[in-house]
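Participant:
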Amino acid sequence: MKKSLIALALAGLSLVTLSAQAHKPYLLPSSTEVEPGRDGTAWVTVDAAVAENLFDPDFTLKLDGLVITAPDGSTLQPENVGNGKRRTTFDLKLAKPGTYKLALVSANVMGSYKDKEGNTKRFRATEETLSKEVPADATEVKVSRMQSRLETFVSTGTPDLNVFKPTGVGLEMVPVTHPTELRAGEQATWRFLVDGKPAANQGVSLTPGGVKYRGTLGEIRQTTNDKGELTLTLPAAGAYMVSTAWPNVARVEGQPPQMVPRRLSYSAVVEILPQ
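Residue numbers (mature numbering (1 follows the signal peptide of the UniProt record, and there is no 0)): -22 to -1, 1 to 253.
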């Protein structure tokens, strides 16, 4: 089981469609509100890993497909990338005031077919390699397309909303309350979209890190309204993961997830500050 989870993580797939206790990939910034140093330059360090106990890394997360968007819309590159045994780290220079978005986006295809001898074969591919993975004489072909988006956000100076324009593809969060201005005890509103349209009746989880110290998951779960929005009172200060998956597919204990034609997932690391 663990080997298959590692393979999925290395492929850049989101695992939020698994149970709340399953391994989850994450991008965890050292801070979401960053003050410039003595030289006037702001820097943030980011951990990228996969963990069963949230933010307690089990193995590294590949950064293939990482896109860092600056407040002016330009794309930045991570600096000082270090690939460890259990996590990857990198630095990001915040040269301009505003909000930066770090997004790891992937699109993959999984499925199964029967070969000419009647044996069931499973495959994992991309749209470009799909034709090579499935023989022309295959029968009973089943395909599930998966799109995942993993994000986090950091601000320096005055936060802005420039980087939150939706792409209209997949499952996305459009903040009404800015995600780097969250404080314990206050209310926050977030809007979720599927292909640019409101994701109504969408179950969303907010899970704090540090589960190994609590012994309980501590997940807060809420459902969006017809506008794809939810409003919640923010819990205690700390780092949290927001996660959701579409469609909502019921799982049967001990059985693999039901294969649907298309699966979307979204997760983001946010920081709730003290009052």
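All residues carry an ideal CB built from backbone N, CA and C; glycine is no exception.
None of the values given here were measured: they were computed from a predicted structure.
Would VAL189 pass as a contact of LEU32 if the rule is Cβ separation under 7 angstroms?
Facilitator: The Cβ-Cβ distance between VAL189 and LEU32 falls below 7 angstroms.
Participant: Helix, strand or coil: which one does DSSP assign to VAL141?
Facilitator: Of the three classes helix, strand and coil, the one that applies to VAL141 here is helix, per DSSP.
Participant: In three-state terms, what does DSSP make of ARG192?
Facilitator: helix
Participant: Check LEU44 in the structure and name its three-state DSSP category.
Facilitator: strand
Participant: Rounded to whole angstroms, what is the Cα-Cα separation between PRO225 and VAL45?
Facilitator: 25 angstroms
Participant: For LYS63, name the three-state secondary structure that DSSP assigns.
Facilitator: coil
Participant: Rounded to the nearest angstrom, how far is the Cβ of ARG240 from that of GLY206, given a contact under 8 angstroms?
Facilitator: Their Cβ separation, rounded to whole angstroms, is 18 angstroms, which puts ARG240 and GLY206 out of contact at 8 angstroms.
Participant: Hey, could you find the ends of the alpha helix (DSSP H) LEU108 is sitting in?
Facilitator: Counting along the chain, the alpha helix (DSSP H) containing LEU108 begins and ends at 108 to 111.
Participant: Do VAL28 and PRO7 have their CB atoms nearer than 7 angstroms?
Facilitator: It is not a contact, given that the beta carbons lie outside the stated cut-off.
Participant: Give every residue of the same chain whose Cβ lies closer than 6 angstroms to the Cβ of ALA81, excluding the five residues on either side of it in the sequence, and list them in chain order.
Facilitator: VAL45 and GLU129
Participant: Around the Cβ of PRO252, are there at least 16 other Cβ atoms within 10 angstroms (buried) or fewer (exposed)?
Facilitator: exposed
Participant: Between which two residues does the beta strand (DSSP E) harbouring GLU231 extend?
Facilitator: Segment: none, GLU231 is in no beta strand (DSSP E) and carries neither H nor E.
Participant: Three or more C-beta pairs closer than 8 angstroms, one from the stretch 123 to 138 and one from the stretch 71 to 89: is that the case here?
Facilitator: yes
Participant: Is the stretch 154 to 163 close to the stretch 110 to 119, with three or more CB pairs under 8 angstroms?
Facilitator: no
Participant: Let's test the definition: count the other Cβ atoms within 10 Å of the Cβ of TYR244 and tell me whether it reaches 16, buried, or not, exposed.
Facilitator: buried
Participant: Taking GLU150 and LEU171 to be in contact with their CB atoms under 8 angstroms, please state how far apart those CB atoms are, rounded to whole angstroms.
Facilitator: 5 angstroms
Participant: Between GLU249 and ALA214, is the Cβ-Cβ spacing less than 7 angstroms?
Facilitator: no
Participant: State the DSSP-derived secondary structure class of ALA(-1), mapped to helix, strand or coil.
Facilitator: The three-state secondary structure of ALA(-1), taken from DSSP, is coil.
Participant: Where PHE101 and LEU39 are concerned, what is the direct C-alpha to C-alpha distance, given to the nearest angstrom?
Facilitator: 21 angstroms
Participant: Going by DSSP, which residues form a beta bridge with THR10?
Facilitator: THR10 is not bridged to any residue.
Participant: State the DSSP-derived secondary structure class of SER52, mapped to helix, strand or coil.
Facilitator: coil
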